[in-house]
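Notes follow the structure.
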Amino acid sequence: MPILHADLDAFYASVEQRDDPALRGRPVLVGMGVVLAASYEAKACGVRTPMGLTQARALCPRAVVVPPRMKAYSAASKAVFEIFRDTTPLVEGISIDEAFLDVTGLHKIRGEPREIAAGLRAAVRDGVGLPITVGIAGTKFLAKVASAVGKPDGLLEVPPGTELDFLHPLPVERLWGVGPVTSAKLREHRINTVGHVARIGEAALVTMLGPHSGRHLHALAHNRDPRRVRPGLRRGSIGSQCALGRRPRPFAEIDATLAALVDRVTRRMRGANRAGRTVTLRLRFDDFGRATRSRSLLTATMQTRVVLETARALLAEARPLIEARGLTLVGVAVSNLDTDGSVQPSLFDELSDDRLDVAMDAVRDRFGSSSLGRAATLGRRLNPSVPILPD
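Residue numbers 2 to 392, in the working numbering, belong to the letters of the sequence shown in order.
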């Protein structure tokens, strides 16, 4: 089952370089306060996302900073996904700049997987003007690893029978689910490569990392990934986040940012007609550590008031942690989504909340997202909403 993982390179920055020839070959930073994207010329200086623009400019003084143009990125993404679907009907979008493509059975009409991938890259380059890297393998996991190793603007195939020879020398961070915390635990035990993980028994990994992570990494280290490409798969959660930068923020400002994020998330939920039961708060601290806090509701909802009250309760619980460690990012997501937006009515439902949500959505749809906001957010700019695949 040949699978392609196609991933646009430094997407936002590449769109800016495409549209402005003066930016080509120069380090480009896309963002306002926080780096949303960096060209490879800027990445070579050590710039990463999300990083504060002040720090990024210190690392790369020659960088050109441009504000994000979300409509341009959305249009480019739609054009690229049209090429994906012209290649094969079996396309599973992961985000606006990457997707899995199942090319099983296409060899008679389109050639071997490598030929298909080369044709896709040429079509994206010629038709949309953007560089894209494609990884080819027999599993989704390995195809994604191959595209990451093949960047930028590359094509990397892992032929059948060579999977473990390719995978095992790679650092453990190439495994899905290995972030800074898990990486540190593994390296403390001198487990530095995927091959090291593969040679450890599953029981030892479970003892070290817990049941879920231990079994998950043991399977991936042996390239066991039964997932198939699933076209039209609906997302399991709807969320939004905002990088706050490195300067200390008063708690009232964090609360106002959270409220604006909840407004954004619940508007998307209503637009997609999807109600959810679980609210999750995501935090990143000054020491780069992360934390999540979740709470499930008795019934599914898409009401702004209900989600905001739950999110604020989670934020209040995390306040001592925030004050002790500082905060650089806050996010909120709603999961356990219903597929049809059905909400069980209750005798205690506040119908006025539904009417208020509908009225505010109508104003924003007609006059723009920034036409209506909370008083607490006046004078504060929330990062622009990132283009996403349909909910």
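Just so it is clear, CB atoms sit at the ideal spot from N, CA and C, and this is done for glycine as well.
- N274 has its alpha-carbon roughly 15 Å from the corresponding atom of V308.
- Taking the Cα of I201 as reference, the smallest distance to any Cα among R228, A76 and V173 is reached at V173.
- The criterion of a C-beta distance shorter than 7 Å is satisfied by L259 and A312.
- H6 is classed as buried because its beta carbon has at least 16 other beta carbons within 10 Å across all chains shown.
- Within the same chain, Cβ atoms closer than 8 Å to the Cβ of R326 are found at F286, D287, D288 and G290, the five residues on either side in sequence being excluded.
- In the structure shown, S214 falls within a helical segment according to DSSP collapsed to helix, strand and coil.
- In this structure, T267 sits away from R283, with a CB-CB distance that is not shorter than 7 Å.
- Partner residues in the beta bridge of R283, as assigned by DSSP, are T293 and G332.
- Taking V65 as the centre and dropping the five residues before and after it, the same chain places the C-beta of L24, R27, P28, V29 and L30 closer than 8 Å to its C-beta, in chain order.
- For V307, the enclosing alpha helix (DSSP H) begins and ends at T305 to R326.
- Taking C-beta atoms as the reference points, F101 and D226 fail to come closer than 7 Å.
- Annotation: V16 is outside any beta strand (DSSP E); the continuous alpha helix (DSSP H) that includes it extends over F12 to D20.
- Shown here, S40 sits in coil according to DSSP, grouped into three states, outside any helix or strand.
- Residue state for E113 is assigned as coil, using DSSP reduced to three classes.
- Distance between V81 and Y74, taken at the CA atoms: about 11 Å.
- Of the candidates H217, G139, I117 and P212, the residue whose Cα lies closest to the Cα of P160 is G139.
- Within the segment 79 to 135, complete beta strand (DSSP E) segments of at least 3 residues are found at 92 to 96 and 99 to 103, given in chain order.
- In the three-state reduction of the DSSP assignment, I255 falls in the helix class, which pools H, G and I.
- Here T305 is buried: its Cβ has 16 or more other Cβ atoms, across all protein chains shown, within 10 Å.
- For H197, the enclosing alpha helix (DSSP H) stretches over residues V195 to R200.
- Contact between D103 and T89 holds: CB atoms are separated by about 6 Å, below the 8 Å threshold.
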